[in-house]
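Since the structure comes first, as structure tokens, the remarks are kept for the end.
Numbering (my numbering), first residue to last: 3 to 210.
Below, the structure written as structure tokens:
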């Protein structure tokens, strides 16, 4: 994490600690998990400033109720769970914006699905996941870039369903869409991601 990012993240921690005593290991949390949380949030929302805000909110929430985590073994999992809730809240608010609501509405006109919500033409399978660690790192970098280039509505649908792994009914509730419309958005996201990843990454090769 850069100095600017660390300073930005520490400000709300200081504000939270002024309201109630912060745990002695708060700085350790930031040092050990700040980079990971920032990277996760950035993959989800595609904008560094928004990602940093979500990480700040995550640490503030954690410091307000530190007793909820049970030992170092699950600390990372606990912080990610808090961050996931912040990501969901972000996309819930995003879905209410007029420009995003319009994109969600346009999904109704998509013809990739039948009236019953089934594929009109099933998409091709995704390539098998790579196993090499360097390949995985290159893939994640390319995926982060490609996610950031998705239209807001498609990115929200893909992140909530595939990254946060929310059940379909819950994603529909957050975005205020039907299951059929969600499938349309996911289809659009996957097709755009496929094209983007094909140009930026290949198994065994180097990402762009």
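Cβ coordinates follow ideal geometry from the N, Cα and C atoms, glycine included.
In this text the structure is predicted, and so the values were computed from the model without any measurement.
- [ ] Please name the residue, chosen from 173, 193, 201 and 89, that lies closest to residue 144 on a Cα-to-Cα basis.
- [x] Closest option to residue 144, Cα to Cα, is 201.
- [ ] Classify residue 169 as helix, strand or coil using the three-state DSSP reduction.
- [x] Here residue 169 sits in coil by DSSP.
Open item on the list: For the stretch 147-163 against the stretch 59-66, do three or more pairs of beta-carbon atoms, one drawn from each stretch, fall closer than 8 Å, so that the two count as touching?
Closed with: Verdict: no, contact absent.
Open item on the list: Between the alpha carbons of residue 58 and residue 162, how many angstroms are there, rounded?
Closed with: Whole-angstrom Cα-Cα distance: 20 Å.
TODO: Helix, strand or coil for residue 151, going by three-state DSSP, please let me know.
DONE: Correct three-state label for residue 151: coil.
Task: For residue 180, the three-state DSSP class (helix, strand or coil) - done: Residue 180: coil per DSSP, three-state reduction.
TODO: Determine the extent of the alpha helix (DSSP H) in which residue 203 is found, giving its start and end residues.
DONE: Segment: none, residue 203 is in no alpha helix (DSSP H) and carries neither H nor E.
Open item on the list: Distance check for residue 189 and residue 50, CA to CA, integer angstroms please.
Closed with: Rounded to the nearest angstrom, the gap between the Cα atoms of residue 50 and residue 189 is 26 Å.
Task: Distance between beta carbons of residue 158 and residue 97, contact taken as under 8 Å - done: Under the criterion of beta carbons closer than 8 Å, residue 97 and residue 158 qualify as touching, at roughly 6 Å.
Task: Alpha carbon of residue 81 to alpha carbon of residue 166, nearest angstrom - done: Using only the alpha carbons, I get a separation of about 13 Å.
Task: Nearest neighbour of residue 29, chosen from 46, 62, 43 and 53 [CA to CA] - done: Residue 62 is the option with its Cα nearest to residue 29.
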